[in-house]
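Taking it in order: structure first as structure tokens, then the write-up.
Number of protein chains: 2
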Amino acid sequence: MKQHERITPLEKDFAKWYTDVVKQSELMTYGPVKGTIIFEPLGFSLWDNIKTILDSQFKKQGVNNVYFPLFMPKRFLEKEKDHIEGFAPEVATVTRVGDTELDEAIVVRPTSEVLFCNYFSDKINSYKDLPILYNQWANVVRWEKTTRPFLRTSEFLWQEGHTVHESALQARQFARKMIKMYRKFLQDYLAIPTLFGKKTPMERFAGAKTTYTVEALMKDGKALQSGTSHYLGQNFAHAFNIKFQNSKNKLEFVYQTSWGVSTRLIGALIMCHSDNYGLVLPPKVAPVEVVIMPIFADKHPLVMEKSQELFKSLKRRFRTKIDLTNKGPGYKAAANEIKGTPIRIEIGPRDIANDEVTIVRRDTLKKEKVNISEVRDRIKPLLTDIHNQMLAKATKHLEDNIVEVTNYDQFKAAIKDNKIVLAPFGCNSTHEEKIKIETQATTRCIPIGNASKPPVDAKCFYSNKKAKKMIYFAKAY
Amino acid sequence: MKQHERITPLEKDFAKWYTDVVKQSELMTYGPVKGTIIFEPLGFSLWDNIKTILDSQFKKQGVNNVYFPLFMPKRFLEKEKDHIEGFAPEVATVTRVGDTELDEAIVVRPTSEVLFCNYFSDKINSYKDLPILYNQWANVVRWEKTTRPFLRTSEFLWQEGHTVHESALQARQFARKMIKMYRKFLQDYLAIPTLFGKKTPMERFAGAKTTYTVEALMKDGKALQSGTSHYLGQNFAHAFNIKFQNSKNKLEFVYQTSWGVSTRLIGALIMCHSDNYGLVLPPKVAPVEVVIMPIFADKHPLVMEKSQELFKSLKRRFRTKIDLTNKGPGYKAAANEIKGTPIRIEIGPRDIANDEVTIVRRDTLKKEKVNISEVRDRIKPLLTDIHNQMLAKATKHLEDNIVEVTNYDQFKAAIKDNKIVLAPFGCNSTHEEKIKIETQATTRCIPIGNASKPPVDAKCFYSNKKAKKMIYFAKAY
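Line by line, the protein sequences are chains A and B. Using our numbering, the final residue of the first sequence is 477, and nothing's skipped along the way. Using our numbering, the final residue of the second sequence is 1477, and nothing's skipped along the way.
Encoded structure:
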């Protein structure tokens, strides 16, 4: 059986398809504790590439990396009321060390706002100390009932940015800058288009004044929250007494932000691009960009010689691998397709005779014959084209699946049809909760600026009262 | 008060000096949970530089990065008898999630051999799957009674390599290759010379057949174990039933290694190089290599202009910072010295008039006047010289402090005098334990090869029986 035959077709069972793809491509396997996963080399390398790119973008904004502890006293988490309400049910508690019970319960960080705030309250005195722009790459733990590889796991890897500013305006601007950076990163590096906007109060981060979000559309019509940036206002500053002397010599509470993306992005790029043959990786983060696949090399030494020559020439410019496994061409092709490498170069005895190779692009599986002397110059434009076409395809999918509605019947029909719905809404958490129960759809975001304004006299699709905002709804992960 | 005046002289109280240096230089501060620390930007950046260099060296050996979970079932840890004995007292246990008690106790990894082994037992079938060379960069938790920043903390950052081989020879060779890589890294990048060799059974990693170690000497005469590489033999393979079909078609247990260095290296480089003025950072890992310090720039616009020009020209080639704080020259010099930047360039009005700058090297605090047009070419050789002199000084310190003894009186005198002692020994854990109680000295390592052989007819310095090995002893962290 070829490997991809072990993948359930996505049209048949999307959830099963997803699990098959992540396992068969050896991105991950399950850990022994419920909801934990092991990142195998391909999966970890994907995260490492995402990390390297984002980290350099953060640094260009003047952000410094730090590392705060995994553990915090439980009482810290309880200082900001909304924050503890949001996180308490998911928090893992350490009560024992060796054979000794601890005097005070310690929790494993589900996020680190309170640890940073406790530090900031000691560190900050004057406006001259501000802004502070910190970030950490870390593991966090949130115990979830239902888990799914990369999308929702008990432990996950992420970055969490924490910044402190002297004015509300500066903090809000910074929070917006970061959500825009995420949006551009998803588009330019992962080939994932997103909707972006603000969360409603119900969907907001526990403790934030405003949560900005980027929402991607998966192949099954569900939305995936892919990155968030929070304007925290002075909520945590009050809870942790973080004051500074402003330029007018008065004591004032600071203004804060926090923002993060996680290994969930791996789930996003899989469910946005991959297919029934396995992974389709966006070239810019693919651990291997080009795989060279010699065919019948055991019987044709010239095939191996030419393959190795090409490998040497390409690996200086591209992340290149040569597949020296001793299997038939069909098996090898399928095994490489499953791993999602953007470009495969097949070199067989017949190709060599014609001074040619066969280039197969993973996104479309289209083949082209290229003269061996021209391969080197063909790769770069081809990688660019693959990225662009993947983005174009995903963008079309997103645009084709947004439906505007004016009443609840239309809404229910569209949600049932797995669409993202844009609808005029009265914006009230009680309504949102009811809609969620009745249709499984949740508010994804309120668009920014004019796009959030309903037409004059527009009515809320649900309550028929005057509409306040245009809001995106969808079923979501 | 200048910042360095807040540092206790190292001759007066070494432990206090160390804590003063790490705090005043803003490498770290304490976390709210006992024994945890916060890595501030300077401290984290130091670790990040160490990580980047080592990671690329690992990859050249064919090692792949992975990420295994933070949590494991407690019963996993109990599968290898020596392993659990070694780690049980330090292990943090999660017993509760939200308000729910867990059915099975989960521990926070103190190290991950057992998680990797559980994975290997599923993954490995044939000799064709071997070798497997994995590494992860992760946080681990070991609850220690006495903690000290970087040296011994409840949570620390490290890398742990885990490899699987088809023969004892290959595994042992790999374990040795890694300890040699650590030794070379400490020398070439951290300017730290080390003794290296094998641990005695008493000091061995819990579950290993052989532990190789590199031992550095701190300024107070104590040794610091700075990196270890373990040949695990088939101990864990038996406990976790990791078998493979060998090339002769027979089922056999695999052979394994594990190896690691941690954020303890930051402690090593501080206690090896720093002084009463603060940090002295080895140039190759220093977050900033060159700091430019304009003097009286507020009154002399030309000073600022020339400083900015130099900054632009240097930052393309070196990690360069310009100090624009609004303080007097003495304060600024001290503040930069405390942070250990290898080269400081002072530019004042008088320098400018002579087309000169003053270059101060941090290791010796020596100053030289350099024509401004020659600065760019002076930096590289100066950085090299600083590294070399730091290494030479540390090497002399190490060599000057090794004493060979033949009897216990000499031994006690030398240990009391904070020396490393090389002595012929009968090699028995009961003796070792007694010596430790009587003198605080522990065995650091048995040298490799001929150096481990005592002279013919040499007697054990402690028991007076026939000596088996030459062994290094010292007081240690």
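Every residue, glycine too, gets a C-beta built ideally from N, C-alpha and C.
Determine the direct distance from the alpha carbon of Ile242/A to that of Lys128/A, and round the result to whole angstroms. Position 128 of the first sequence holds residue 128/A. Position 242 of the first sequence holds residue 242/A. Our two residues, Lys128/A and Ile242/A, have alpha carbons roughly 15 angstroms apart in a direct line.
Decide if the region 1293-1301 of chain B is in contact with the region 1321-1333 of chain B; the criterion is three or more beta carbon pairs, one per stretch, under 8 angstroms apart. yes
When the Cα atoms are used, what is the spatial distance from Thr1111/B to Ala1208/B? Taking the first residue of the second sequence as 1, we reach residue 1111/B at position 111. Taking the first residue of the second sequence as 1, we reach residue 1208/B at position 208. Distance between the alpha carbons of Thr1111/B and Ala1208/B is about 13 angstroms.
Please report the residue range of the alpha helix (DSSP H) in which Gln170/A lies. For the purposes of this step, residue 170/A is identified with residue 170 of the first sequence, where counting begins at 1. Taken as a continuous stretch (DSSP letters only), the alpha helix (DSSP H) holding Gln170/A covers Ala168 to Leu190.
In this structure, does DSSP put Tyr331/A in helix, strand or coil? As a working mapping, residue 331/A is identified with position 331 in the first sequence. Helix.
Using a cut-off of 7 angstroms between C-beta atoms, extract the partners of Met72/A located in chain B. Your numbering for residue 72/A matches position 72 in the first sequence. Here the neighbours are Pro1032 and Val1033.
What residues of chain A sit near Tyr1119/B, judged by a beta carbon separation below 8 angstroms? For the purposes of this step, residue 1119/B is taken as residue 119 along the second sequence, with counting starting at 1. By Cβ distance, chain A contributes Thr29 and Ile38.
Would Thr1095/B pass as an interface residue toward chain A - the criterion being a Cβ-Cβ separation below 7 angstroms? Stepping through the second sequence from its first residue, residue 1095/B is reached at position 95. It does; some Cβ of chain A falls within 7 angstroms.
If you count every other CB in all the chains shown that lies within 10 Å of the CB of Thr52/A, and 16 or more means buried, which is it? The residue given as residue 52/A occupies position 52 in the first sequence. Its Cβ having fewer than 16 others within 10 Å, Thr52/A is exposed.
Is it right to say Asn464/A is buried, meaning 16 or more other beta carbons lie within 10 angstroms of its own, or is it exposed? Locating residue 464/A in the first sequence gives position 464, counting from the first residue. Asn464/A should be labelled exposed.
What does the alpha-carbon distance come out to for the pair Asn235/A and Glu80/A? The residue given as residue 235/A occupies position 235 in the first sequence. The residue given as residue 80/A occupies position 80 in the first sequence. Each residue's alpha carbon lies about 8 angstroms from the other.
Give a single yes or no on whether Tyr189/A has its beta carbon closer than 6 angstroms to a heavy atom of the ligand ZN. The ligand ZN is absent from the structure shown, which contains no ligand whatsoever.
Give me the residue from Glu1438/B, Ala1458/B, Lys1059/B and Lys1468/B with the minimum Cα distance to Pro1447/B. As a first step, residue 1447/B must be located in the second sequence, where it is residue number 447. Closest by alpha carbon: Lys1468/B.
I want to verify the contact list: residues of chain B whose CB lies under 7 angstroms from the CB of Phe196/A, in sequence order. By one-based count along the first sequence, residue 196/A stands at place 196. Under the 7 angstroms cutoff, chain B gives no residues; its nearest Cβ is about 29 angstroms from Phe196/A.
Taking any Cβ of chain A, which residues in the region 1056-1068 of chain B have a Cβ under 7 angstroms from it, in chain order? Asn1064, Asn1065, Val1066, Tyr1067 and Phe1068
When you compare only the Cα positions, how much space is there between Arg1444/B and Glu1433/B? Here residue 1444/B is taken as the residue at index 444 of the second sequence, counted from 1. Here residue 1433/B is taken as the residue at index 433 of the second sequence, counted from 1. Taking the CA atoms as reference points, Arg1444/B sits about 13 angstroms from Glu1433/B.
Straight-line CA distance for Lys1494/B to Leu1398/B? What is shown of chain B runs 1001 to 1477, which leaves residue 1494/B out entirely.
Counting only Cβ-Cβ distances shorter than 8 angstroms, please list the residues of the region 139-166 of chain A near chain B, keeping chain order. Within the region 139-166 of chain A, the qualifying residues are Asn139, Val141, Trp143, Ser154, Glu155 and Leu157.
Rounded to whole angstroms, what is the Cα-Cα separation between Ala1239/B and His1162/B? Locating residue 1239/B in the second sequence gives position 239, where the first residue counts as 1. Locating residue 1162/B in the second sequence gives position 162, where the first residue counts as 1. Each residue's Cα considered, the two are about 16 angstroms apart.
Could you check whether Leu1314/B and Val1290/B sit closer than 7 angstroms to each other, using their CB atoms as the reference points? For the purposes of this step, residue 1290/B is identified with residue 290 of the second sequence, where counting begins at 1. For the purposes of this step, residue 1314/B is identified with residue 314 of the second sequence, where counting begins at 1. Closer than 7 angstroms, so yes.
Beta-carbon proximity of Ile359/A to Pro283/A, cut-off 7 angstroms: On the first sequence, position 359 is the one that residue 359/A refers to. On the first sequence, position 283 is the one that residue 283/A refers to. Cβ distance not < 7 angstroms, so Ile359/A and Pro283/A don't count as in contact.
I'd like to know if the region 1098-1106 of chain B and the region 20-32 of chain A are in contact, where contact means that at least 3 CB-CB pairs between them fall below 8 angstroms. no
What is the rounded straight-line gap between the Cα of Asp1377/B and the Cα of Pro1041/B? Within the second sequence, numbered from 1, the residue matching residue 1377/B stands at position 377. Within the second sequence, numbered from 1, the residue matching residue 1041/B stands at position 41. Looking at the backbone, the Cα of Asp1377/B and that of Pro1041/B are separated by about 29 angstroms.
On the DSSP letters alone, give me the boundaries of the alpha helix (DSSP H) that Leu279/A sits inside. By one-based count along the first sequence, residue 279/A stands at place 279. That residue, Leu279/A, is in no alpha helix (DSSP H); it is neither H nor E in DSSP.
At which residues does the beta strand (DSSP E) containing Gly1197/B begin and terminate? Counted from its first residue, the second sequence places residue 1197/B at position 197. Where Gly1197/B is concerned, the enclosing beta strand (DSSP E) stretches over Leu1195 to Lys1198.
Cα-Cα, which of Met1072/B, Gln1173/B and Ser1262/B is closest to Trp1137/B? Looking up residue 1137/B in the second sequence gives position 137. The option with the nearest alpha carbon to Trp1137/B is Ser1262/B.
Excluding five sequence neighbours on each side, which residues of the same chain lie with their C-beta closer than 6 angstroms to the C-beta of Ala1237/B? Here the question's residue 1237/B lines up with position 237 in the second sequence. Closer than 6 angstroms at the Cβ level, and outside the excluded window around Ala1237/B, lie Phe1253 and Val1254.
DSSP beta-bridge partners of Ala423/A: Mapped onto the first sequence, residue 423/A falls at position 423. Beta-bridge pairing links Ala423/A to Ile471/A.
DSSP state of Asp103/A, grouped into three classes? Locating residue 103/A in the first sequence gives position 103, counting from the first residue. Here DSSP, grouped into helix, strand and coil, assigns Asp103/A to strand.
Is it the case that the Cβ atoms of Leu130/A and Glu85/A are separated by a distance below 7 angstroms? Locating residue 130/A in the first sequence gives position 130, counting from the first residue. Locating residue 85/A in the first sequence gives position 85, counting from the first residue. Their beta carbons are not under 7 angstroms apart, which means Leu130/A does not touch Glu85/A by this criterion.
Can you give me the Cβ contacts of Lys1369/B inside the same chain, cut-off strictly under 7 angstroms, excluding the 5 residues immediately before and after it? Residue numbering aside, residue 1369/B sits at position 369 when the second sequence is read from its first letter. Closer than 7 angstroms at Cβ, skipping near neighbours: Glu1356 and Thr1358.
Boundaries of the beta strand (DSSP E) in which Ala1216/B is found, first to last residue: What you label residue 1216/B is simply residue 216 of the second sequence in a count that begins at 1. Segment Thr1210 to Leu1217, the beta strand (DSSP E) holding Ala1216/B.
Going by CA-CA distance only, name the one from Glu1160/B, Ile1352/B and Phe1068/B that's closest to Phe156/A. Indexing the first sequence from 1 puts residue 156/A at position 156. Ranking Glu1160/B, Ile1352/B and Phe1068/B by Cα distance to Phe156/A puts Phe1068/B first.
Can you confirm whether Cys1086/B, when its beta carbon is compared against all beta carbons of chain A, has any partner nearer than 7 angstroms? On the second sequence, position 86 is the one that residue 1086/B refers to. For clarity, residue 1086/B is Gly in the given sequence; the question names Cys instead. Not one chain A Cβ lies under 7 angstroms of Gly1086/B.
Taking the alpha carbon of Ala474/A as the point to measure from, which residue in Gly426/A, Lys222/A, Gly267/A and Gln308/A has its own alpha carbon closest? Indexing the first sequence from 1 puts residue 474/A at position 474. It is Lys222/A whose Cα lies nearest to the Cα of Ala474/A.
Put Pro1454/B into one of helix, strand or coil per three-state DSSP. Walking along the second sequence from the start, residue 1454/B turns up at place 454. Coil, per DSSP.
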